[in-house]
Amino acid sequence: GALSNSLRDQSFDVVVIDEAAQALEAACWGAILKGRKAVLAGDHLQLPPTVMSDEAAKQGLGETLFARVHVKWHGVGVARMLTTQYRMNRRIMQWASDELYEGKLVAADSVAEHRLDGEGAGTTPVLMLVDTAGCDMEEHCEEEGDSKDNPGEAAAVMALVRRLVRSGAAQPEDIGVITPYSAQVGVLRDLRAADDSLAKLEISTVDGFQGREKEAIVISAVRSNEQGEVGFLSDARRMNVAVT
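Residues in the sequence shown are numbered consecutively from 44, following this note's numbering.
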């Protein structure tokens, strides 16, 4: 790390901090003070650093140096936005671009029309939304803890995964199932354990999957209640990570 003994007496012309939007400000300063110039690379519209103390977060620990610099100097030549993405089909990208990036994102030619290339991929839409409202798929809260699950939705997710596999559009190892809630991860993994053909299917939280990619992603949003409450899913940054 920047403060390790091996770098104690070292200084640099340029210090580059990657994933700076996920780094606590104090950690950044430890590196920045070792150089005459600093470059911060990251995306403040994805998940911020995890701060375990609610009080510390309220006092500003959760606000990163990257985000503060971006707000203060955006548009005056200090901040530069990279607009070309090389990960996803342009139809998947478009929501994030319009909602969070002022419509500026562009898909590289190599991925703009990228689709599943299995035998049954031709009938599989690039982006599909499944509305489970009114289908008796209500969320449940853990007996011990605050996490939530939705067994009905979990069953629907696994049915969608099996449909992808049966059609030949994708193999289990090419599919990722992600959800914001750890309790739902547990429910999904129990269903996977009951089907040996899905042993290579990866199931994780949104936070745990950040920065990863698969040929096909199935998102289990979990929340479904009469009050229309979505909790921390109202944070567009978390949905940005999930979708992109």
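In this text, a Cβ means the ideal position worked out from N, Cα and C, and glycines have one as well.
The structure displayed is predicted, hence computed values, not measured ones.
| Query | Result |
| --- | --- |
| Quick one: using the 10 Å Cβ neighbour count with 16 as the cut-off for buried, is Y224 buried or exposed? | buried |
| Could you have a look at R232 and say whether DSSP puts it in helix, strand or coil? | helix |
| If you check the beta carbons only, do P297 and V154 fall under 8 Å apart? | What the structure shows of the chain is the stretch from 44 to 287, and residue 297 is not part of that stretch, so it cannot be assessed. |
| For S210, report the span of its alpha helix (DSSP H) as first-last. | P194 to S210 |
| M171 to V58, Cα distance in whole Å? | 42 Å |
| Between S190, F109, R130 and L159, which has its C-alpha nearest A213's C-alpha? | L159 |
| Could you tell me which residues DSSP pairs with E245 in its beta bridges? | G219 |
| Judging by CA-CA distance, which residue of D238, V265 and R255 is the nearest neighbour of D174? | V265 |
| Going by CA-CA distance only, name the one from G103, C178 and T126 that's closest to A199. | C178 |
| Using a 10 Å radius around the Cβ and a threshold of 16 neighbouring Cβ atoms, would you call C71 buried or exposed? | buried |
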